[in-house]
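Trainee: Okay, so the sequence shown: first residue is 1 according to the working numbering, each after it adds one.
Where a beta carbon is used, it is the ideal one built from N, C-alpha and C, also for glycine.
All figures in this text were calculated on a predicted structure; none of them were measured in a lab.
Here it is, the structure in full.
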Amino acid sequence: MADSKEKLFSDFSPVSTEQWMEKVTADLKGADFEKKLVWRTNEGFKVKPFYRMEDLEGLKTTDALPGEFPYLRGTKKNNNEWFVRQEIKVESPEAANAKALDILNKGVDSLSFHVKAKELSAEYIETLLKDICAECIELNFSTCQGHVVELAQLLVGYFQKKDYDLTKLQGSINYDYFNKMLAKGKEKGDMVATAKALIEATAMLPKYRVLNVNALTLNNAGAYIYQELGYALAWGNEYMNQLTDAGLPAALVAKKIKFNFGISSNYFLEIAKFRAARMLWANIVASYEPTCLRDCDNKGENDECRCAAKMKVHAETSTFNMTLFDAHVNLLRTQTEAMSAALAGVDSITVTPFDKVYQNPDEFSERLARNQQLLLKEESHLDKVVDPAAGSYYVENLTVAIAQQAWDLFLEVEDKGGFYMALTAGTVQAAVNASCAARHKAVAQRKEVLLGTNQFPNFSEKAGEKKPADADCSCGCEHKEIATVKLQRAASEFEALRLETEAAAKRPKAFMLTIGNLAMRQARAQFSCNFLGCAGYEVVDNLGFESVEAGVEAAMAANADIVVLCSSDDEYVEYAVPAFKALNGRAMFIVAGAPANMDELKAAGIENFIHVRVNVLETLREYNAKLLK
């Protein structure tokens, strides 16, 4: 009986792309397909509204297999496991050790210790790592760049003392010569000398990565995805180029490099980014013809080492799009970000606690951050399937498109002398800062939406004691030698506006004078409430008034500082000027929309109009300047 009701794909006649397009064109009712439905990404390529099997024709990405060169589909064959990492800033080794032991029992299997260079000693390391099984988890360390070799030597000494099998230990030491230039404007030390000493010090730790590409900085500075990837490739290649020129084997250098990427909220593009990253890096490493350091089966046609071409990737959720207001929305952002990284097959993930932008994360927010990853593993089983996005018409095309854009940028950097030369010239910083400025403008115009900040704010929320936790620098980097990227969150300007309102002696009140066409007045009232709520104003919505005079008097009775006329464009001919005259300067008057007779209304003295084409941020700044006196 069940069989007779079963519908199989074979029962349906195939539908061609032409037929789909005919249907779409008909539904568009004359609107331009390209303008209406084709999306142009920030990366510069177009995304179609639908993809079909023929869109895979000619794509070599579909020939890739998991665990095989060029590793587009991941470096693992049998599973999609990743390390769940949590960061620990070490104030005291005893407290950090206690915290580490606690969270290791709560699902974490990767620790990242930020240690104080001045306190480093054998006793310090012993206290920090007491009762932690280094063979069971991944251990990562960061400290002052001038002390990384000392840290490496202390760790090796400790591991030897504990009689660990050093070949099994996994982890990293975060040495990144170029990130200090990028973020702090300082060039300090000798990269080649330090890198060689660090590689030598960790020679007995073959699975420890000690040369880092912290592309996370680019992500948090507002770089577009193709920029983060393209510059990251040039960054890694700079290590390869300089250190092989210094006599180190290419395979050895490649196996010591770790990529630390950010994850934006662009879900599918992020999946594609990590897939493209592995493929491109594998081909870059292969160009050095690395000689295998041990005898294994994973070799290329010319016996080059394929293991060296495996990109080691840590992913961390971005802070660029995190917000102070409606901060729990950050949980939604980081959840989708972590999910895209997991599906893309990264090696480890850090989920940034939702409250990091305004305070040191507390135990509650850290627990939520841990559990976000554990849900992906234990509830959704994303660690069981390798590259589930493979074969997707959409994702495969995105992978190719992003790979091409990033590769073009990589070649551009290399043609101009490489990543180091680009940093000293300031071209990387200038490009990223330009992207950041463009994204801030898009946020100001609501072309890029931050829920709870520039769209659908929580009207009743107050920051209270919450203040933006801006990055503190005590390293003397105010004396910059070169340009730096600007680490300014996308929401920062809206937050400053709202904090200004909150600090004012009186919170402005906006009154919706709704009249006329029911659908239009409701829609425009909702738009206006959301618009003005972004500045932290009190908003008062209404069901409707029989006359503009009645609406104005109700507004004055409510002690409104702003009166917003909400109606249809046609009815503004009748209502706008009488409402403006009835108000008689007792409050700011705003018309919701951009009616055809706007010029006539302006001639009558009406100055303020809010609609989808205005710059929300600049408009609200103007209102604050008038109202917060």
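#1: How is the alpha helix (DSSP H) around Glu138 delimited, first residue to last?
#2: In terms of residues, what are the limits of the beta strand (DSSP E) holding Leu634?
#3: Counting Cβ pairs closer than 8 Å, one from the region 184-192 and one from the region 128-144, do we hit at least three?
#4: For Leu280, I'd like the list of residues in its chain whose CB is within less than 7 Å of its CB, leaving aside the five on either flank, ordered along the chain.
#5: Check Thr619 in the structure and name its three-state DSSP category.
#6: Nearest-angstrom Cα distance between Gly417 and Val313?
#7: Does the count of Cβ pairs from the region 368-382 and the region 338-356 closer than 8 Å reach three?
#8: Among residues of its own chain, excluding the 5 on either side of Glu549, which ones have a beta-carbon nearer than 6 Å to its beta-carbon?
#9: Once DSSP output is grouped into helix, strand and coil, what is the label at Cys296?
#10: Can you tell me whether Lys629 is helix, strand or coil according to DSSP?
#11: Along the alpha helix (DSSP H) that carries Met421, what are the first and last residues, could you check?
#12: Taking one C-beta from the region 92-103 and one from the region 325-343 each time, how about it: are there three or more such pairs within less than 8 Å?
#13: Taking C-alpha atoms, which residue in Phe589, Val540 and Ala327 lies nearest to Glu461?
#14: Using 10 angstroms around the beta-carbon of Asp387, count the other beta-carbons present and answer buried if the total reaches 16, otherwise exposed.
#15: Starting from the Cα of Tyr224, find the closest Cα among Gln429, Ala134, Asn454 and Arg85 and give me that residue.
#16: Let me know if Ser474 comes out buried or exposed under the rule of 16 or more other beta-carbons within 10 Å of its beta-carbon.
#17: How many Å lie between Lys506 and Pro468 at the Cα?
#18: Using the DSSP secondary-structure output, state which residues sit across from Cys305 in a beta bridge.
#19: Taking the beta strand (DSSP E) that Arg673 falls in, what are its first and last residues?
#20: So, helix, strand or coil for Thr291, using DSSP?
#21: Enumerate in chain order the residues of its own chain whose CB-to-CB distance from Tyr572 is below 8 Å, with the five nearest sequence positions on each side excluded.
#22: Touching or not, the region 279-295 and the region 420-438, by the rule of three or more beta carbon pairs under 8 Å?
#23: Does DSSP classify Glu22 as helix, strand or coil?
#24: According to the Cβ coordinates, are Phe274 and Ala215 closer than 8 Å?
#25: Shortest alpha-carbon distance to Pro578 belongs to which of Asp541, Gly464, Ala604 and Ala276?
#26: Ignoring anything shorter than 4 residues or poking outside the region 557-583, list the alpha helix (DSSP H) runs there in chain order.
#27: How big is the Cα-Cα spacing for Thr619 and Leu218?
#28: Mind checking whether Ala510 and Ala560 have CB atoms under 8 Å apart?
Mentor: In short:
#1: Position 138 of the sequence shown, counted from the first residue, corresponds to residue 138. Per DSSP, Glu138 belongs to no alpha helix (DSSP H); it is in the beta strand (DSSP E), Glu138 to Ser142.
#2: Nothing can be reported for residue 634: it is not among the residues displayed for the chain, which extend from 1 to 629.
#3: Verdict: no, contact absent.
#4: In the sequence shown, counting from the first residue as 1, residue 280 sits at position 280. Excluding sequence neighbours, Leu280 sits near Leu233, Ala403, Ala406 and Trp407.
#5: Here the question's residue 619 lines up with position 619 in the sequence shown. Taken through DSSP and simplified to helix, strand or coil, Thr619 comes out as helix.
#6: For the purposes of this step, residue 417 is identified with residue 417 of the sequence shown, where counting begins at 1. For the purposes of this step, residue 313 is identified with residue 313 of the sequence shown, where counting begins at 1. When rounded, the distance between both Cα atoms is 26 Å.
#7: yes
#8: As a position in the sequence shown, residue 549 is number 549, starting the count at 1. Answer for Glu549: Ala582, listed in chain order.
#9: Within the sequence shown, numbered from 1, the residue matching residue 296 stands at position 296. Note: Cys296 maps to coil in three-state DSSP.
#10: Residue mapping note: residue 629 aligns to position 629 of the sequence shown, counting from 1. It is coil, neither helix nor strand.
#11: Residue 421 sits at position 421 when you count from the first residue of the sequence shown. For Met421, the enclosing alpha helix (DSSP H) starts and ends at Phe419 to Ala425.
#12: Short answer: they don't touch.
#13: Here residue 461 refers to the residue found at position 461 when the sequence shown is read from its first residue. Looking at the Cα atoms, Ala327 is the closest of the given residues.
#14: Mapped onto the sequence shown, residue 387 falls at position 387. Taking every protein chain shown into account, the CB of Asp387 has 16 or more other CB atoms within 10 angstroms, so this residue is buried.
#15: The residue you call residue 224 lines up with position 224 of the sequence shown. Nearest C-alpha to Tyr224: Gln429.
#16: For the purposes of this step, residue 474 is identified with residue 474 of the sequence shown, where counting begins at 1. With a pLDDT of 43 at Ser474, under the threshold of 50, the modelled position of this residue cannot be trusted; read the value that follows with caution. Classification of Ser474: exposed, given that the 10 Å Cβ count is below 16.
#17: The residue you call residue 506 lines up with position 506 of the sequence shown. The residue you call residue 468 lines up with position 468 of the sequence shown. Roughly 22 Å separates the two Cα atoms.
#18: Residue mapping note: residue 305 aligns to position 305 of the sequence shown, counting from 1. Checking the DSSP bridge columns, you'll see Cys305 partnered with Lys299.
#19: Past the edges of the chain, shown from 1 to 629, lies residue 673, and the structure says nothing about it.
#20: Here residue 291 corresponds to residue number 291 of the sequence shown, with the count starting at 1. Correct three-state label for Thr291: strand.
#21: Walking along the sequence shown from the start, residue 572 turns up at place 572. Once the five neighbours on either side are set aside, the close Cβ partners of Tyr572 are Leu565, Val591, Gly593, Pro595, Asn597 and Leu601.
#22: no
#23: Within the sequence shown, numbered from 1, the residue matching residue 22 stands at position 22. Of the three classes helix, strand and coil, the one that applies to Glu22 here is helix, per DSSP.
#24: Position 274 of the sequence shown, counting from 1, holds the residue named residue 274. Position 215 of the sequence shown, counting from 1, holds the residue named residue 215. No; because the gap between Cβ atoms is not below 8 Å, this pair is not in contact.
#25: Stepping through the sequence shown from its first residue, residue 578 is reached at position 578. It is Ala604.
#26: For the region 557-583, whole alpha helix (DSSP H) runs of length 4 or above, ordered along the chain, are 569-583.
#27: What you label residue 619 is simply residue 619 of the sequence shown in a count that begins at 1. What you label residue 218 is simply residue 218 of the sequence shown in a count that begins at 1. So the alpha carbons of these two residues sit roughly 30 Å apart.
#28: As a working mapping, residue 510 is identified with position 510 in the sequence shown. As a working mapping, residue 560 is identified with position 560 in the sequence shown. Less than 8 Å separates the beta-carbon of Ala510 from that of Ala560.
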